[in-house]
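Colleague: Residue numbers (my numbering): 454 to 724.
For glycine and all other residues, C-beta sits at the position ideal for the given N, C-alpha and C.
On a predicted model such as this, the values are computed, not experimentally measured, just so you know.
#1: Does DSSP put residue 563 in a helix, a strand or coil?
#2: Which residues mark the beginning and the end of the alpha helix (DSSP H) in which residue 720 is found?
#3: Please look up how many angstroms separate the CB atoms of residue 557 and residue 526, rounded, as I've assumed it's under 8 Å.
#4: Distance, Cα to Cα, residue 590 vs residue 569?
#5: So residue 620 is in the beta strand (DSSP E); what residue range does that whole segment cover?
#6: Is the CB-CB distance between residue 560 and residue 592 below 7 Å?
#7: Taking DSSP as the reference, what is the three-state secondary structure of residue 612?
#8: In angstroms with no decimal places, state the Cα-to-Cα distance between residue 501 and residue 517.
#9: If we ignore side chains and look at the alpha-carbon of each, how far apart do residue 597 and residue 670 end up?
#10: Between the C-alpha atoms of residue 454 and residue 491, what's the straight-line distance to the nearest angstrom?
#11: Would you list the residues sitting across from residue 527 in a DSSP beta bridge?
#12: Let's test the definition: count the other Cβ atoms within 10 Å of the Cβ of residue 543 and tell me whether it reaches 16, buried, or not, exposed.
#13: Between 724, 582, 718, 567, which has its C-alpha nearest residue 459's C-alpha?
#14: Do residue 477 and residue 672 have their beta-carbon atoms positioned less than 7 Å apart in this structure?
#15: Just curious, the alpha helix (DSSP H) that residue 539 is in, first and last residue?
#16: Over what stretch of residues does the beta strand (DSSP E) that includes residue 663 continue unbroken?
#17: If we ignore side chains and look at the alpha-carbon of each, how far apart do residue 631 and residue 578 end up?
#18: Do residue 612 and residue 462 have their C-beta atoms closer together than 7 Å?
#19: Applying the criterion that 16 or more other CB atoms from any shown protein chain within 10 Å of the CB defines a buried residue, is residue 653 buried or exposed?
#20: Based on the DSSP output, what are the partners of residue 604 in its beta bridges?
#21: Please report the straight-line C-alpha distance between residue 693 and residue 564, rounded to a whole angstrom.
#22: What is the residue span of the alpha helix (DSSP H) that residue 574 lies within?
#23: Express the C-alpha separation of residue 716 and residue 515 in angstroms, rounding to a whole number.
#24: Any idea what DSSP makes of residue 495, helix, strand or coil?
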């Protein structure tokens with residue numbers, strides 16, 4: 454039941470966040486997404502699945518890399534994210550890409566369908582990350598590879614206090630073990646537990662730039678994983694939560710804006 458609850462919260466929470474996600478997170482997540490794609494080494498003509506694709510920030514560049522003779526399937530648990538990504542694809546006339554709502558732990562694809570599987574900053578939200586990685590392994594062709602990125606260690610992510618700040622006001626159940634995969638070599642071990650070989654990992658450190666306090670709060674509350682819980686706050690609770698969060702990131706203030714440290718772990722493994 455707890456896993457079902459977590460998935461339901463993820464589904465409807467990201468539906469709430471979809472209108473704010475790219476505005477507040479596209480530039481901030483780009484270093485991890487770019488490096489993950491480099492490590493995945495996609496080739497022309499390949500078939501690729503992008504799991505927890507959101508609005509397609511990885512799916513679209515992946516489709517460019519595989520070219521018109523390749524194909525990329527983007528999946529996400531959020532209907533809103535899938536609809537948004539599909540609208541972008543339609544508007545841009547991109548024909549080698551398809552989106553579908555799907556559970557990362559239960560991919561609706563046959564065995565050995567894809568040359569590569571991607572998951573950029575989605576495994577933290579899955580109740581059983583190893584099960585999701587096993588699904589990635591299952592749908593890969595022999596010799597195929599999977600690449601995933603997660604947030605790193607909690608003490609290297611300056612925005613991390615958002616979770617206790619929200620949980621103190623409403624029980625969010627959004628991602629109780631959010632930083633677990635980014636600790637030590639946990640992500641690499643999860644890949645190996647799913648059957649992957651020749652697994653390699655990298656850590657990268659970056660800075661999340663926000664020009665104003667409003668942008669910093671928008672990213673933390675409206676555009677991210679706590680969006681569903683945040684939607685239940687009244688105006689007074691929102692102001693109190695904003696003030697507490699801004700106090701937590703005060704050490705990273707630069708003029709009117711903020712430069713908040715963040716760490717990512719990126720791992721690639723082969724079938």
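Modeller: The structure says:
#1: Numbered from its first residue, the chain shown carries residue 563 at position 110. Of the three classes helix, strand and coil, the one that applies to residue 563 here is coil, per DSSP.
#2: Looking up residue 720 in the chain shown gives position 267. No alpha helix (DSSP H) holds residue 720; the beta strand (DSSP E) holding it covers 710-723.
#3: In the chain shown, the residue the question calls residue 557 occupies position 104. In the chain shown, the residue the question calls residue 526 occupies position 73. 13 Å between Cβ atoms; not a contact.
#4: Here residue 590 refers to the residue found at position 137 of the chain shown. Here residue 569 refers to the residue found at position 116 of the chain shown. If I take the Cα positions, the gap works out to 9 Å.
#5: As a first step, residue 620 must be located in the chain shown, where it is residue number 167. First-last for residue 620: 615-620, but that is the alpha helix (DSSP H), not the beta strand (DSSP E).
#6: The residue given as residue 560 occupies position 107 in the chain shown. The residue given as residue 592 occupies position 139 in the chain shown. In this structure, residue 592 lies closer than 7 Å to residue 560 by Cβ.
#7: Position 159 of the chain shown, counted from the start, is the residue given in the question as residue 612. Three-state DSSP puts residue 612 in coil, outside helix and strand.
#8: Walking along the chain shown from the start, residue 501 turns up at place 48. Walking along the chain shown from the start, residue 517 turns up at place 64. If I take the Cα positions, the gap works out to 12 Å.
#9: Against the chain shown, residue 597 aligns to sequence position 144. Against the chain shown, residue 670 aligns to sequence position 217. Looking at the two C-alpha atoms, the distance is approximately 40 Å.
#10: Translated into the one-based positions of the chain shown, residue 454 becomes position 1. Translated into the one-based positions of the chain shown, residue 491 becomes position 38. Interpretation of residue 454 is limited by its pLDDT of 49, a score under 50 that renders its predicted location unreliable; the figure taken from the coordinates is listed afterwards. Cα-Cα distance, rounded: 38 Å.
#11: As a working mapping, residue 527 is identified with position 74 in the chain shown. In the DSSP output, where bridge partners are listed per residue, residue 527 has 503, 552.
#12: Against the chain shown, residue 543 aligns to sequence position 90. That one is exposed.
#13: Locating residue 459 in the chain shown gives position 6, counting from the first residue. Cα-wise, what sits closest to residue 459 is 582.
#14: Taking the chain shown and counting its residues from 1, one reaches residue 672 at position 219. Taking the chain shown and counting its residues from 1, one reaches residue 477 at position 24. Result yes, Cβ atoms of residue 672 and residue 477 sit closer than 7 Å.
#15: Mapped onto the chain shown, residue 539 falls at position 86. That run of the alpha helix (DSSP H) goes 532-545.
#16: Start at 1 with the first residue of the chain shown, and residue 663 comes out as number 210. That run of the beta strand (DSSP E) goes 650-663.
#17: In the chain shown, counting from the first residue as 1, residue 631 sits at position 178. In the chain shown, counting from the first residue as 1, residue 578 sits at position 125. Cα to Cα, the separation comes out at about 7 Å.
#18: Taking the first residue of the chain shown as position 1, residue 612 is located at position 159. Taking the first residue of the chain shown as position 1, residue 462 is located at position 9. No, the Cβ-Cβ distance between residue 612 and residue 462 is not below 7 Å.
#19: Mapped onto the chain shown, residue 653 falls at position 200. Exposed is the call here.
#20: Within the chain shown, the letter at position 151 stands for residue 604. According to DSSP, residue 604 bridges with 717.
#21: Residue mapping note: residue 693 aligns to position 240 of the chain shown, counting from 1. Residue mapping note: residue 564 aligns to position 111 of the chain shown, counting from 1. Distance between the alpha carbons of residue 693 and residue 564: 50 Å.
#22: In the chain shown, the residue the question calls residue 574 occupies position 121. Where residue 574 is concerned, there is no enclosing alpha helix (DSSP H), given that its DSSP letter is neither H nor E.
#23: On the chain shown, residue 515 is found 62 positions in, with the first residue counted as 1. On the chain shown, residue 716 is found 263 positions in, with the first residue counted as 1. Going by the C-alpha atoms only, they are around 23 Å apart.
#24: Locating residue 495 in the chain shown gives position 42, counting from the first residue. Residue 495: coil per DSSP, three-state reduction.
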